[in-house]
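Numbers in the working numbering are just positions in the sequence shown, counted from 1, shifted up by 14. Quick reminder that beta carbons are idealized off the backbone N, C-alpha and C, glycines included. Since we're looking at a predicted model, the values are computed, not measured. Here's the structure we're looking at; comments come further down.
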Amino acid sequence: MTKLIKLAIVGYGKMGKEIEKYAPQSGCKVEAIIDNPQDWEKYGSQLSQLVDVAIEFTSPGVVVQNLKKLMDLKIPAVTGTTGWGKDLPAVEKYCMESNGSIFYASNFSIGVNLFFALNRYLASLMADYPTYRPLLEETHHTQKLDAPSGTAVTMLEDIMQINPALKGWKFEKEHPSQEEVSVIAHRIENVTGTHKLTYESDIDTLSIEHTAHNREGFAKGALLAARWLMDKKGIFTMNDLLKL
Ligand code: NAD
């Protein structure tokens with residue numbers, strides 16, 4: 015029988031509530047919910063006794079301190095918070111030094127991770143055809159704090175790593191050069207998230223697109239990652255989990 019996992023939800027917003035909804039069917043029992051500094055104080059060091067693993071979906075301003083607290087408490091932590099890429103080296107170092115367990119993903123949906131693989135493959139094909147100009151458009155809800163989205167940033171990093179002729183990215187309105195990927199971030203009420211990558215030449219247009227219909231895929235992916243992470247030490251991503 016699958017072991018019941020005791021879970022802490024850190025960040026009880028849209029994603030935290032979605033995690034709570036799908037936890038039972040993923041064999042997880044929510045034992046603690048932390049949504050602000052007072053909740054952290056309330057649980058204190060007892061949190062380590064209460065839970066096996068934590069799932070964190072908060073905001074770029076608090077994610078790093080939350081991950082450090084969880085590492086100090088020896089609680090494996092899965093985070094889906096986006097917009098903190100510049101802090102990743104410091105978190106990696108802290109994780110290694112404290113023998114911690116961290117899993118991060120800019121997007122937990124299986125479909126998006128297949129889409130990432132498609133993006134990498136397309137980038138390797140298109141690298142030989144510089145007449146095609148890449149444009150990445152993403153559409154999210156108006157409360158989203160970061161732009162471009164974490165998912166878009168992952169796609170851009172992959173494109174630039176595979177095609178060294180592309181040396182950076184810029185928003186379309188900032189007039190990117192031939193060596194930069196154009197990016198447009200649309201913000202619209204009540205949408206879950208779309209990413210569309212287009213390669214355009216004078217002759218034709220090639221595009222790939224992913225649209226999330228709801229938040230279910232993010233929540234289920236994060237719960238899957240939590241179970242996977244529990245007996246591991248180090249810092250991991252969806253590529254490790256899905257063997258992509
Ligand atoms: P949200 O604003 O609805 O919820 C964030 C919650 O964090 C709030 O309830 C807030 O009270 C809480 N919070 C603030 N400070 C805190 C602290 N110090 N400790 C604990 N909780 C604290 O946001 P959301 O839509 O749930 O998204 C959260 C993050 O997840 C964002 O960065 C978003 O971009 C990202 N996201 C990632 C994925 C993915 O698959 N990786 C999917 C959806 C959203």
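Take the alpha-carbon of LYS246 and the one of SER115: they are about 6 Å apart. Exclusion of MET244 from the 7 Å shell around ligand 1 follows from its C-beta lying no nearer than that to any non-hydrogen atom of the ligand. Under the DSSP assignment, GLY125 falls in the alpha helix (DSSP H) whose first and last residues are 124-140. Straight through space, the alpha carbons of PHE122 and SER40 are spaced by roughly 15 Å. The nearest non-hydrogen atom of ligand 1 is 7 Å or more from the C-beta of ASP254.
Contact annotation: the region 27-47 touches the region 58-67, with at least three C-beta pairs closer than 8 Å. Relative to the Cα of MET169, the nearest Cα in the group VAL126, MET140 and LYS158 belongs to VAL126.
DSSP places GLY182 within a strand segment (E or B) once states are collapsed to three. Here ALA46 is bridged, per DSSP, to ALA22. Remark: C-beta atoms of TRP98 and VAL78 approach each other more closely than 8 Å. A direct Cα-to-Cα measurement between LYS83 and THR145 gives close to 49 Å.
Measuring C-alpha to C-alpha distances from HIS227 to each of GLY27, SER120, ALA91 and THR206 identifies THR206 as the nearest. Counting only the Cα atoms, ALA239 lies some 15 Å from GLU34. Rounded to the nearest whole angstrom, the C-alpha separation of ILE89 and GLU70 is 12 Å. For the pair of segments examined, the region 184-198 was found to touch the region 147-156: the number of CB pairs separated by less than 8 Å reaches three. Taking 8 Å as the cut-off, the beta carbon of LEU81 is found closer than this to the beta carbon of THR93. For the pair MET110 and MET85, the Cα-to-Cα distance works out to about 10 Å. Non-local beta-carbon contacts of TYR213 in its own chain, meaning distances under 6 Å to residues more than five positions away in sequence, involve MET140, TYR146, PRO148 and LEU220 in chain order. Look at VAL78: its beta carbon is at least 7 Å from all of the heavy atoms in ligand 1. Going by DSSP, THR219 is part of the beta strand (DSSP E) stretching over 219-225. With a cut-off of 7 Å, the C-beta of ASN204 is classified as distant from ligand 1, since no heavy atom of the ligand falls inside that distance.
If one requires a minimum length of 3 residues, the beta strand (DSSP E) runs lying completely within the region 148-222 are 182-185, 194-201 and 208-214, in chain order. The shortest C-alpha to C-alpha distance from GLU32 to any of MET244, ASP254, TRP242 and GLU230 is the one to GLU230. Distance from the Cα of LYS234 is smallest, within the candidate group LYS17, LEU21 and TYR36, for TYR36. Inclusion of HIS154 and ASN204 in the CB contact set at 8 Å is not warranted, their separation being larger than that value.
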